[in-house]
Amino acid sequence: MELGKTYDPKAAEERWFQTWIDLGYFKADPTREGPVFSIVIPPPNVTGQLHLGHALNATLHDIIVRTRRMQGYNTLWLPGTDHAGIATQNAVEKDLAKDGKNRHQLGRESFVDRVWEWRDDKGGKILLQLRRIGASCDWSRERFTLDPGLSRAVNKVFVELFKRGLIYRDRRLINWCPRCESALSDLEVDHKEAQSSLWYIRYPFAGGDGFITVATTRPETMLGDTAVAVNPDDARYQSRIGKTLRLPLMGREIKIIADAAVAEKFGTGAVKVTPAHDFNDFEIGKRHGLEQISVMDSHARMNENAGRYQGLDRDDARKRIVEDLRAQDLVEKIEPHPNKVGVCSRCGTVVEPMLSEQWFVRVREMAERSMAAVRDGRTTFFPRRWEKTFFEWMENVHDWCISRQLWWGHRIPAYRCDRCNHLTVAEERPPKCEECGGTDLVQDEDVLDTWFSSGLWPFSTLGWPEDTPELRKYYPTSLLITGFDIIFFWVARMMMLGLEFMNDVPFRDVYITTLVRDEYGKKMTKSKGNVVDPLDLMNQYGTDAVRLTLAQLAAQGGDIILSHERFAAARAFANKIWNAARFVMMNLDGATKPLPSVDQAKLGLAERWILGRLDAAVHEVTRAIDAYEFNVAAMAIYSFIWHEFCDWYIELSKDSLKAAGERQAAARWVLVACFDRMLRLLHPFMPFVSEEIWQVIRPYLSDANLSEHLVVAKFPVPAATASPEDEAAMKAMSQCVAVTEAINSLRALLGYHPGQRARVAYHAIALEDRINWFPKWKNYAMTLGKAASIDHVEAGRNAFERSVGESLPFGEVWIEAPEEFDFAKAREALRKRQEDAQKHLSRYTTRLEDPGFHANATAEIRAENAQRIEELQIQIRTLDSQLERLG
Ligand SMILES: [Zn+2]
Ligand SMILES: [Zn+2]
0 MELGKTYDPK AAEERWFQTW IDLGYFKADP TREGPVFSIV IPPPNVTGQL HLGHALNATL
60 HDIIVRTRRM QGYNTLWLPG TDHAGIATQN AVEKDLAKDG KNRHQLGRES FVDRVWEWRD
120 DKGGKILLQL RRIGASCDWS RERFTLDPGL SRAVNKVFVE LFKRGLIYRD RRLINWCPRC
180 ESALSDLEVD HKEAQSSLWY IRYPFAGGDG FITVATTRPE TMLGDTAVAV NPDDARYQSR
240 IGKTLRLPLM GREIKIIADA AVAEKFGTGA VKVTPAHDFN DFEIGKRHGL EQISVMDSHA
300 RMNENAGRYQ GLDRDDARKR IVEDLRAQDL VEKIEPHPNK VGVCSRCGTV VEPMLSEQWF
360 VRVREMAERS MAAVRDGRTT FFPRRWEKTF FEWMENVHDW CISRQLWWGH RIPAYRCDRC
420 NHLTVAEERP PKCEECGGTD LVQDEDVLDT WFSSGLWPFS TLGWPEDTPE LRKYYPTSLL
480 ITGFDIIFFW VARMMMLGLE FMNDVPFRDV YITTLVRDEY GKKMTKSKGN VVDPLDLMNQ
540 YGTDAVRLTL AQLAAQGGDI ILSHERFAAA RAFANKIWNA ARFVMMNLDG ATKPLPSVDQ
600 AKLGLAERWI LGRLDAAVHE VTRAIDAYEF NVAAMAIYSF IWHEFCDWYI ELSKDSLKAA
660 GERQAAARWV LVACFDRMLR LLHPFMPFVS EEIWQVIRPY LSDANLSEHL VVAKFPVPAA
720 TASPEDEAAM KAMSQCVAVT EAINSLRALL GYHPGQRARV AYHAIALEDR INWFPKWKNY
780 AMTLGKAASI DHVEAGRNAF ERSVGESLPF GEVWIEAPEE FDFAKAREAL RKRQEDAQKH
840 LSRYTTRLED PGFHANATAE IRAENAQRIE ELQIQIRTLD SQLERLG
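In numbering that gives the first Met the number 0, the protein residues as written are 0 to 886.
Structure (structure tokens):
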């Protein structure tokens, strides 16, 4: 096999992914010995399309899974999708609506069949997209929350919780979406600012004279009022408590009651009480034993309890009611009133509090156990600050409403007896009523909240309730990587249910990712049109470049800001490695396979140095991956390969490669050894290009246990300690590197042509450096610094008549100016450039003081302005130090 002129990402990606799958490298074997590393994927919605959040999540997962696999762990990464109740049902309903149909016309059974068809046809595309990004899941273990096995787990958990008294049924006020026609949990309701009004309505006394004025934001629900309430301490109403009012429009008699929950300052201090349509009123009603009168149906249209308003939707009803009250002179005034309204997080419809009978999970105790598990360190959050968020939510948790009035999902395993109305809860349809033995049983119409089944994901996917080898081997899982937005929805529920049913936490570590933002720091949304499609990025830059960029940007706790330059730089990095590999292969022409081993004791300074630097990189990458510092790991591997291996060692090796005999053999061996190790290190980040190159290097490696493919090769282990010789060599070479860099920047300052060689003088402060090391690295610095000579001189500035110099921590470097170089003119030119830069800078900084700029500039323009200021400041500082050197 040979390396082509340029790297072709697409071909490599397809070839290697298929090969890895065909050879079963991603398959988990629970019977294998060894330490365990397991992850269950956060199941994307079956309706999902890969977005950058998924791409980031999958990349981070894959980096750690590939690393652990190469480190010899028994590794499982289990993939799958979530049936996503409301989201999927809505998608299919939209499809139906195009043909002018709705689900009720189809009926439950055909509608559910239709959703399954949709799922088989259009759903689950996201898993193919995850393969595209290189996700090394065990694809033979794909799970779906509605699989028979997982559904069995759902029923079992429901029945068990019911038996333990942790699931109960209650008639309560719940959030209801009239469009989705379903109950929503508190978490599924978004709160939106709205400009509403406060209506002051007169309620006449039943006895005849006078009235009391109540203030309300919802005149339409007054049809369901069963009391008016005032604060017991409110002096204005003391004498009115207990009196009877006649409810306008309905004529019903209601009482004035006293309740401490009423705020004296709100409106008139007297409020109407509608227990069936308001959460506070519901509580007041319970305390006073008030009747609950629901005046709307499931579409939020007025129902039979609404008298002549029956059939109107709630907005029309409001208008008509206010008109009618006005006609009777019962509206005192209307004030503007800013308000927060709850809307359905799925469809944006204003949520209606509705009285209904629902299933609830009692969560208090489970929440306590979950908090204790985090406090004990059985589960740890990265970054740690998310634990605070987790505790805050868990401390304020309410019982969880788990029933949904949908058709797509797990139908609740409860059966109502037609004869005695008793509910039998059972995993399978029972043959008869457990109470009266009647056989006419009707299953509960509702389905479970979609998070109920995803809350079981870490153990239901491993075969629970069966006692499977997978469950024993891979539970608790090692790590969960997920977005902060579902800590409550999902992470908390998995904690509660895992502890309840497995008696252990579902995962040891939780890594929370943050938002991916565009290059101007803005959140990506469809409406802003700034959404970047990861598939486009993969096509444009190659999958490896996309993965590396995402990893580089994934700093713990910081948002991720994307720009195309970043991806382009990562693609350039892939090409850099490719070209380095081509250089190595060219220089292996005629070499034996495998390469003969070399005497390590005879390695030169540069060889010892690069091997030592690589060891340091292995150390840092390993440490950073273990700490989930993905960006640190990615930067360490990147800067080693680019700035040490390519920029320095390849150059340093050129002389040796041209020589014959031992020197050439040693340089070849070190090039191959370095390439092998750094490709292993790089593989988790850039799996495709690393495998492609490794296959070409592989024949030169001598290792009895060498694997066929890099994907399962051993991950490098850093040497425990370096020998004193190696340490000395590292120090000496770092001096050589610094001197060479100084020579190169001084050459540029003095206007040397690329082919022109300069005379250099060097003074080492330490005697040992001068005697032992300078003679050993001098030739490297001469070659790489294009020096005609480097002579050691005593301290002082008089090495050459005309020269510039630079001080380093361990010595000083001077370089002779070329004859034609004019110091005065050069200084003049630098000053001119500095003046220009100053002028530019002041133009950008004065803008900042202009109020008009702040008012009108877009975020893009402001970001650009800030960037220009920074660039110019750096330029001015550089020119300063150059001027200083010219004296
Ligand atoms: Zn809705
Ligand atoms: Zn019965």
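Backbone N, C-alpha and C define an ideal beta-carbon position, used for all residues, glycine too. What you are looking at is a predicted structure, and each value in this text was computed from that prediction instead of being measured.
Under the three-state DSSP convention, the category residue i falls into
i    : result
E859 : helix
W463 : coil
A658 : coil
F143 : strand
K713 : coil
K339 : strand
F572 : helix
Y751 : coil
Y167 : strand
G804 : strand
V349 : strand
Y6   : coil
K332 : strand
A554 : coil
E290 : coil
C673 : helix
S369 : helix
F972 : One cannot answer for residue 972 here, as it falls past the ends of the chain, which runs 0 to 886.
A721 : coil
Beta bridge counterpart(s) of residue i as assigned by DSSP
i    : result
I38  : W76
G408 : The partner list for G408 (beta bridge, DSSP) is empty, contrary to what the question assumes.
V736 : V736 is not bridged to any residue.
C416 : L440
L244 : F204 and I253
I62  : Per DSSP, none; premise fails for I62.
C176 : S181
F210 : P203
Q663 : In DSSP, Q663 forms no bridge with anything.
S195 : H336
S402 : L447
Closest residue to residue i among the options (Cα-Cα distance)
i    : options                   : result
T481 : T30, P41, R374 and V736   : P41
E793 : P817, I764 and A780       : I764
N56  : Y627, V711, E469 and N771 : Y627
P683 : A719, F644, S655 and A632 : A632
L37  : L2, E12, N73 and T30      : Reading off the sequence, residue 37 comes out as Ser, not Leu. Of the listed residues, the one whose Cα sits closest to S37 is N73.
R178 : E351, G47 and I649        : E351
C346 : D849, A86 and L461        : A86
L324 : R201, A425 and R415       : R201
A666 : L656, G660 and Y637       : L656
E394 : Y414, E434, S369 and R403 : S369
V261 : G306, R756 and T215       : T215
R756 : K339, G784, M249 and S880 : G784
P29  : R471, P429 and E426       : R471
R895 : I873, V360, L882 and R622 : Residue 895 lies beyond the stretch modelled for the chain, which goes from 0 to 886, so this question has no answer here.
R884 : I868, E724, I63 and A825  : A825
E859 : E391, S562 and R217       : S562
Same chain, Cβ closer than 6 Å to residue i, neighbours up to 5 away in sequence not counted
i    : result
W813 : A760, A798, S802 and G804
S297 : E180
S459 : L149 and A152
S477 : F36, S37 and R507
Y540 : F566 and R570
R140 : L77
Sequence-distant residues of the same chain with beta carbon closer than 8 Å to residue i, five excluded per side
i    : result
I132 : L49, A54, A57, T58, D61, P533, M537, T542, V545 and R546
V711 : Y24, R68 and M69
L440 : Y414, R415, C416, D417, T423, R428, P429, K431 and C432
Same chain, Cβ closer than 7 Å to residue i, five either side skipped, listed in chain order
i    : result
L186 : F487 and F488
R846 : F852 and N864
Near ligand 1, which residues have their beta-carbon closer than 6 Å to a heavy atom?
C176, R178, C179, C343, R345, C346 and T348
Got a list of residues with beta-carbon closer than 5 Å to any non-hydrogen atom of ligand 2, in chain order?
C416, R418, C419, H421, C432, E434, C435 and G437
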